[in-house]
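**Student:** Take a look at the following structure, please.
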Amino acid sequence: MGVATPHYFFIYGITFRDRCFRVVQLTSVVISLDRFPTYAFATMAQDMPPRGGYEPVQYKRNLPAKGFRPGILLLGVGAVMGFGWYKLIGGIREANELAREKMWARINLIPLLQAEEDRDQVRRYWADQKREKELLGENTKVYNNESRFVRPTFAVSPAPSK
């Protein structure tokens with residue numbers, strides 16, 4: 000038992016498929032076509048297609064399309080994204096405007112805050128002078144710092160009251 004060639008033009012012979020789906024040929028008689036007379040082929044009835052041809056073969060499924068058409072779907076997605084970008088850019092502009100307003104509010108408050116800090120330093124300076132006078136007495140100049148003002152590096156806070 001040999002494996003047959005892939006063509007099936009044996010005139011006489013028995014072929015079948017085995018368990019491995021190979022074509023197996025039991026007997027084969029190869030007859031040359033030269034031995035047949037030419038009239039044998041001429042008198043044979045031949046199966047022809049009907050006049051006008053066959054109907055077209057329907058190989059596609061005829062199902063209705065589900066969902067939106069791709070163009071409409073892309074247009075909808077583009078519209079939603081456009082609206083989102085519009086709102087995002089508007090939100091960014093509003094946040095920038097609020098930050099600018101906050102910055103200018105702080106810039107405009109600087110003189111008020113500076114005046115408050117200056118009043119606090121003057122009050123602390125006079126309190127320090129008063130303490131110095133109580134501790135050291137009259138006309139005691141330990142440091143030579145009367146010609147210019149030096150901002151204190153730390154603030155002395157009063158002791159907590161009991």
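Under numbering that gives the first Met the number 0, the letters of the sequence shown match residues 0 to 161, in that order. For glycine and all other residues, C-beta sits at the position ideal for the given N, C-alpha and C.
State the start and end residues of the unbroken alpha helix (DSSP H) segment that holds K59.
**Tutor:** Unbroken run through K59: none, as it is neither H nor E.
**Student:** State the Cα-Cα distance for the pair G66 and R92, rounded to the nearest angstrom.
**Tutor:** Put simply, the backbone Cα of G66 is about 38 Å away from that of R92.
**Student:** Mind checking which residues open and close the alpha helix (DSSP H) that includes V217?
**Tutor:** Within the shown structure, residues of the chain are numbered from 0 to 161, placing residue 217 beyond reach of any answer.
**Student:** According to DSSP, is D46 helix, strand or coil?
**Tutor:** coil
**Student:** In whole angstroms, what is the alpha-carbon distance linking E54 and P48?
**Tutor:** Annotation: E54 to P48 spans about 11 Å, alpha carbon to alpha carbon.
**Student:** Measure the C-alpha to C-alpha separation of V79 and G89 and round it to an integer number of angstroms.
**Tutor:** Using only the alpha carbons, I get a separation of about 15 Å.
**Student:** How many Å lie between D127 and P110 at the Cα?
**Tutor:** 25 Å
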